[in-house]
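Numbering (this note's numbering), first residue to last: 4 to 94.
Encoded as structure tokens, the structure appears first; notes follow it.
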Amino acid sequence: MKVNIKPLADRVLVEPAEAEQKTAGGIIIPDTAKEKPQKGTVVSVGPGKKDEPMTLKEGDKVLYGKYSGTEINIDGTNYLIMKESDIYAIV
């Protein structure tokens, strides 16, 4: 899953995980009731700032805020571009 986009400074490109289709009890969730995913995979990483190197790398699975980042669509695939500081944890 190589993308020809290189984020600038301390930004990362994340591919969000798919929204849950069923609950733990087996109930199917309709599209209108699905929540935005809060985890995804890092696809591309910027070079970082002068005094702050990047801690993330491509392929990391991460958790981020529900409303973090800017949604973009590249070749029919949805991605989020956000600052590294918007990411809460590496899973």
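Where is the CB? At the ideal position from N, CA and C, for every residue including glycine.
Other residues of its chain near residue i: CB distance less than 7 Å, five sequence neighbours each side excluded
{"i": "N81", "result": "P19, E74"}
{"i": "V48", "result": "P10, V15, M57, L59, K60, E61"}
{"i": "V94", "result": "K42, K64, V65, L66"}
Nearest-angstrom Cβ-Cβ length linking residue i and residue j, presumed shorter than 8 Å
{"i": "G51", "j": "D13", "result": "6 Å"}
{"i": "I32", "j": "Q24", "result": "6 Å"}
Reference residue i, options the options, closest by Cα
{"i": "A92", "options": "V65, T44, Q41", "result": "V65"}
{"i": "D63", "options": "K69, E55, E87", "result": "E87"}
{"i": "G43", "options": "D78, N7, S71, I8", "result": "S71"}
{"i": "E21", "options": "T35, K39, G28, A27", "result": "K39"}
{"i": "M85", "options": "G28, T35, N7, V45", "result": "V45"}
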